[in-house]
Amino acid sequence: FRDPQKARDYLKGSVFPIVIKADGEAAGKGVVVAQDYAEADAAIHRMMEKRVFGASGETVVIEECLFGQEISVMAFVDGETVVPMVGVQDHKRIGEGDTGSNTGGMGAYAPVPIATPELVEDIKVRILQPAVHAVRETGIPYRGILYAGVMVTASGPYCMEFNARFGDPETQVVLPLLETDLADILNAAVDVELDRLPVTFSERAAVCVVLSSAGYPETSDNGRVITGLESAEKLDAVAVFHAGTASDDAGRIITAGGRVLGVTATGEDFREARERCYAAVSRISFQGAYYRRDIGHHALSVAG
Ligand code: GLY
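728 is the number of the first residue of the sequence shown in the working numbering; add one for each residue after it.
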């Protein structure tokens, strides 16, 4: 819809919950799952009239709400061949138990129990390949990373979005599991030779927990000194990825954004990776630091 009144008229006859999306870039925050008309009306006002996402709110897309678990399947693409990476689960909501505002992602883990090799193959054949082939038909083949955000429902996988980039924090768990040299893969993508390169992932597990600054996702609290980074990185199989950080005049690392750090650990299995990851997170501190303590909760319930 381009007209807020027409959007409201449509919503008055709709079944709730319903999904309202700003039709453009919104830093991962342009989606509202409205539980009733009042919430939908408020979303239309913020996006289309208040323009909190700028021009991205000129048009909104209203979609049926899908129920299931969401996974991210990223793929290396050379314009023809699609090589999916291991499926990942991001945690989009700010609060534990998947509650509160949507964020860019508060943590991720892989492998994901529901993202079986059969499901990833199905997503490749029914979602990723048709998209890549359709783009090729336009005469401008896409080479790079294609990211599908997929809802796995009782009636199969549905694609909710594509990104022409790596996911964040998905990448922080996928690349540590990649055994093939990334440069070789990217060169093969450029040379349209991905069909000739075996790409393998390790059988290990990886977990990433995002530390955010106070106020995220609405605001961020910058300039807070971060301590414990070296101590966290000394732990076995741990890597600390910087996102919203900077250094001050004294050379100290400080917060400079909403999502500040992505702390990743790998392990023989999900439990080992998760334990290591939270051990590393507990060594890092800054005023107002926040992180979810339930990253991988779907896998935990499967692991028992
Ligand atoms: N984590 C979601 C994204 O990268 O779009």
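Quick reminder that beta carbons are idealized off the backbone N, C-alpha and C, glycines included. Keep in mind that this is a model prediction, so the values were computed, not measured.
1. I'd like the span of the beta strand (DSSP E) that includes GLN796, first residue to last.
2. Would DSSP call LYS739 helix, strand or coil?
3. Can you tell which of GLY757, ALA964, VAL815 has the C-alpha that lies nearest to the C-alpha of ALA1026?
4. CB of ASP895 to nearest heavy atom of the ligand GLY: below 7 Å?
5. Going by CA-CA distance only, name the one from TYR836, VAL879, GLU807, ARG892 that's closest to GLU864.
6. Please give the ranges of any alpha helix (DSSP H) in the region 931-983, keeping only runs that are unbroken, at least 4 residues long and fully inside the region.
7. Comparing alpha-carbon positions, which option in ARG1010, ALA970, SER929 lies nearest LYS961?
8. Can you tell me the Cα-Cα spacing of ALA970 and GLY984, whole angstroms?
9. Report, in whole angstroms, the separation of the C-beta atoms of VAL936 and GLY834, which I expect to be a contact under 8 Å.
10. Give me the Cα-Cα distance between GLY781 and MET774, rounded to the nearest whole angstrom.
11. Identify the continuous beta strand (DSSP E) that holds PRO811 and give its terminal residues.
12. Which residues bound the alpha helix (DSSP H) around ARG1003?
13. According to DSSP, is PRO884 part of a helix, a strand, or is it coil?
14. Kindly indicate if chain D contains any beta-carbon less than 8 Å away from that of THR826.
15. Select from PHE928, ARG1003, GLY950, PRO838 the residue whose C-alpha is nearest the C-alpha of ASP976.
16. Could you spell out the range, first to last residue, of the alpha helix (DSSP H) harbouring ARG863?
17. Consider the C-beta atom of GLY831 and the heavy atoms of the ligand GLY; say whether any pair is separated by less than 7 Å.
18. Would DSSP call VAL909 helix, strand or coil?
19. Beta carbon of ASN949: closer than 7 Å to some heavy atom of the ligand GLY?
20. Kindly give me the distance between the Cβ atoms of VAL809 and VAL859, rounded to whole angstroms, as I take these residues to be in contact under 8 Å.
21. Taking 8 Å as the cut-off, decide whether the C-beta atoms of PHE743 and ALA761 are in contact.
22. Are there 16 or more other CB atoms within 10 angstroms of the CB of THR826, so buried, or fewer, so exposed?
23. Got a sec: does the ligand GLY put a non-hydrogen atom nearer than 7 Å to the Cβ of ASN914?
24. Among the residues of its own chain, which have a CB less than 7 Å from the CB of SER929, if the five just before and after it don't count?
25. Nearest to VAL917 by alpha carbon, out of PHE803, GLU785, GLN796, GLU790?
26. On the three-state DSSP scale, how would you describe GLY834?
27. If you draw a straight line from the C-alpha of ARG931 to the C-alpha of ARG1001, how long is it?
28. Regarding GLY942 and the ligand GLY, is the C-beta to nearest heavy atom distance less than 7 Å?
29. Does ARG923 pass the burial test, meaning 16 or more other C-beta atoms within 10 Å, or should it be called exposed?
A quick look at the data gives this:
1. 796-804
2. helix
3. VAL815
4. yes
5. Out of TYR836, VAL879, GLU807, ARG892, the CA that lies nearest to the CA of GLU864 is found in GLU807.
6. 956-960
7. ARG1010
8. ALA970 and GLY984: Cα-Cα distance of roughly 8 Å.
9. 5 Å
10. 8 Å
11. Per DSSP, PRO811 is one residue of the beta strand (DSSP E) stretching across 809-811.
12. 997-1009
13. strand
14. You won't find chain D in this structure, because it holds only one protein chain.
15. GLY950
16. Residues 856-864.
17. yes
18. Per the sequence presented here, residue 909 reads as Leu, with Val not at that position. LEU909 falls in the helix class under three-state DSSP.
19. no
20. At roughly 6 Å, the Cβ-Cβ gap stays under 8 Å, so VAL809 and VAL859 are in contact.
21. yes
22. exposed
23. no
24. LEU904, GLU906
25. When each option's Cα is compared against that of VAL917, the closest is PHE803.
26. strand
27. 12 Å
28. no
29. exposed
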